[in-house]
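**Q** Here you go, one structure.
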Amino acid sequence: MASKAMQHATTKDVVESYERKAQSLKATLSVEVPFENVHVLPQTPQLIALLSIIRNKETDRADFIFYSNRIIRLLVEEGLNHLPVVEHDITTPVGRIYNGLMFQGKICGVSIMRAGEAMEQGLRDCCRSVRIGKILIQRDEDTAQPKLFYDKLPEDIADRWVMLLDPMFATGK
1274 MASKAMQHAT TKDVVESYER KAQSLKATLS VEVPFENVHV LPQTPQLIAL
1324 LSIIRNKETD RADFIFYSNR IIRLLVEEGL NHLPVVEHDI TTPVGRIYNG
1374 LMFQGKICGV SIMRAGEAME QGLRDCCRSV RIGKILIQRD EDTAQPKLFY
1424 DKLPEDIADR WVMLLDPMFA TGK
């Protein structure tokens, strides 16, 4: 049986409590990012819990991979939220018109080898039949400048929105 306090909590109370807690949690951002084209994942309790798991030195490899993939999926979904959409009305199975949206244009992923490959499945999980290209960039030992060593890109990449796949992974070891 729920306590009296729980019985009298309204949805509004729960939402306000969640919003206050979410505003106070800052797990990944130590300084504000002063660029309007940089978007930071919302610092939700879910994200912070996932980050806590993968940052924990006691987390085993299988859990690290599983929870990293969850974060990658959140990141891919947030990236998709920034792509342009157009209105798209459809008819539901019961004959009603639904005023929906659809993506404007096509997308593809470009994976920066090797770490970027960890994000490919997250993109595939969100976008059926998405094309994924690959590039390999390494630092030139003489000039210390990045140098393109390999690229295999979709032929029609110029006609697509490109999601660049390049996570920053660190095990702490």
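Just add 1273 to the spot in the sequence shown (first one is 1) and you have the working numbering. For glycine and all other residues, C-beta sits at the position ideal for the given N, C-alpha and C.
(1) Residues in its own chain within less than 7 Å of Leu1353 by CB, not counting five upstream and five downstream?
(2) Which of the three DSSP states is assigned to Cys1399 in this structure?
(3) Name the DSSP bridge partner or partners of Ile1370?
(4) Is the segment 1313-1330 in contact with the segment 1338-1353, if contact means three or more CB pairs nearer than 8 Å?
(5) For Gly1382, which of Val1367, Arg1401 and Thr1364 has the nearest alpha-carbon?
(6) Along the chain, where does the alpha helix (DSSP H) that runs through Leu1426 open and close?
(7) Name the two residues that bound the continuous beta strand (DSSP E) containing Val1383.
(8) Which two residues bound the contiguous alpha helix (DSSP H) that contains Gly1352?
**A** A quick look at the data gives this:
(1) Working through the sequence shown from its first residue, we reach residue 1353 at position 80. Same-chain partners within the cutoff: Cys1399.
(2) Position 126 of the sequence shown, counted from the start, is the residue given in the question as residue 1399. Three-state result, Cys1399: helix.
(3) Sequence index remark: in the sequence shown, residue 1370 carries index 97 (1-based). DSSP lists Thr1364 as partners of Ile1370.
(4) yes
(5) Numbered from 1 along the sequence shown, position 109 holds the residue referred to as residue 1382. Per the Cα distances, Arg1401.
(6) The residue you call residue 1426 lines up with position 153 of the sequence shown. No alpha helix (DSSP H) contains Leu1426, which DSSP labels as neither H nor E.
(7) Position 110 of the sequence shown, counting from 1, holds the residue named residue 1383. Lys1379 to Ile1385 is the extent of the beta strand (DSSP E) around Val1383.
(8) Indexing the sequence shown from 1 puts residue 1352 at position 79. Here the alpha helix (DSSP H) through Gly1352 covers Arg1334 to Leu1353.
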